[in-house]
Structure formats: structure tokens, C-alpha cells
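Below: the structure, in C-alpha cells.
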Amino acid sequence: MKADGSPKLKVIVADDEQIIADSLTLILNRSGFEARAVYSGEAAIEILGNFRPDVLISDVVMNGITGVEAAIAIRTLRPDCKVLLFSGQAATADLLYGARAQGYDFEMIAKPVHPTELLAKLRTVAIS
């Protein structure tokens, strides 16, 4: 709970680069969110069984299923979950195009992302 009594926004941070997922999760937890780090798209989907996120923040290009595929699966299971994708790779455009063709339009930010930019974007996504 926040100081004002409202529940903390729950966030899953998915990135196969563990240091990035862990760092972002630490920043989010210290900034008033309840964040959990996972290291694959599969793990992001699996955690839904015991953690009901308000927001998914995911790298796009990961081993196994991509962040886009994980986002689509999570949106199917939790339609109210907001999605914020980030990537530093050019291959993302094709993945996002495929998602848009299926009717999914996800918010995207470029890696590396500065923590203040991420927090601002997360607050914007969460209230939209």
C-alpha cells in the first residue's frame, strides 16, 4: 500500500539480461511500485498465476518467446494489463508490425532507457 492507502501498482519487468531486469525492478520498488523481475517471456506468463500485474515492461527481443509474444499472451489472459515494451535492436519493427496486424498496439521506448524516463512513461501508461 502507498502512504495514501491506495494499492501499489504491480509491474512485471521481463528482460533476458538479468542485470537490466533486476536494476529496473529495484528502481521501481524504491519508487513506490510493487515490481517483480523475470528473465524470459515464458516466465512473464508463468508469474501470472501468483502475481496479477497492472503493467508489463518487457524487452522485445529475448531468447524463447519474444516480449511481443509474451505481451499478447498476457493481454489475452489479463486484458486490463498495460504493456510497455523496450528494445535496442532493429529487429523490433517487424515484431511490432506483426502485433499490430493482430490488433495489438503496444507502447515502445528505446534502450537504454534512463530511469526517470521509464518512471514518467510508466506513470503515463498506467493512467491511460
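In full-length UniProt numbering, the protein residues as written are 1 to 128.
Where is the CB? At the ideal position from N, CA and C, for every residue including glycine.
Since D59 and F33 should fall inside the 8 Å C-beta cutoff, what is the C-beta to C-beta distance between them, to a whole number of angstroms? For this step, residue 59 is matched to residue 59 along the sequence shown. For this step, residue 33 is matched to residue 33 along the sequence shown. Between D59 and F33 the beta-carbon gap is near 18 Å, outside 8 Å, which marks them as no contact.
Between the region 93-104 and the region 8-18, do at least 3 Cβ pairs fall closer than 8 Å? No, the region 93-104 is not in contact with the region 8-18.
When we look at the beta-carbon of Y67 and count the other beta-carbons within 10 Å, is it buried (16 or more) or exposed? Stepping through the sequence shown from its first residue, residue 67 is reached at position 67. Reading off the sequence shown, one finds Gly at residue 67, where the question assumed Tyr. Counting Cβ neighbours within 10 Å, G67 comes out buried, since at least 16 surround it.
For K111, does the three-state DSSP call read helix, strand or coil? Start at 1 with the first residue of the sequence shown, and residue 111 comes out as number 111. Residue state, collapsed to three classes: coil.
Who are the near neighbours of A37 in its chain, counting only those whose CB is closer than 7 Å to its CB and skipping five residues on each side? Here residue 37 corresponds to residue number 37 of the sequence shown, with the count starting at 1. Only V13, A21, D22, T25 meet the Cβ criterion.
Counting C-beta neighbours from all protein chains within 10 Å, is the total for L77 16 or more, i.e. buried, or is it exposed? For this step, residue 77 is matched to residue 77 along the sequence shown. Exposed, since its Cβ has fewer than 16 Cβ neighbours within 10 Å.
For I45 and A70, the rounded distance between their alpha carbons: Counted from its first residue, the sequence shown places residue 70 at position 70. Counted from its first residue, the sequence shown places residue 45 at position 45. Straight-line Cα distance between these residues: approximately 6 Å.
The alpha helix (DSSP H) with S23 in it runs from where to where? Indexing the sequence shown from 1 puts residue 23 at position 23. Per DSSP, the continuous alpha helix (DSSP H) segment holding S23 begins and ends at 18-30.
Suppose contacts are defined by Cβ-Cβ distances below 9 Å. Is L84 in contact with M108 by that definition? Position 84 of the sequence shown, counting from 1, holds the residue named residue 84. Position 108 of the sequence shown, counting from 1, holds the residue named residue 108. In contact: L84 and M108 (Cβ atoms closer than 9 Å).
Is G41 buried or exposed, if buried means 16 or more other CB atoms sit within 10 Å of its CB? Position 41 of the sequence shown, counting from 1, holds the residue named residue 41. Label assigned to G41: buried.
Measure the CB-CB distance between I19 and L118 and report whether it falls below 9 Å. Numbered from its first residue, the sequence shown carries residue 19 at position 19. Numbered from its first residue, the sequence shown carries residue 118 at position 118. Their beta carbons are not under 9 Å apart, which means I19 does not touch L118 by this criterion.
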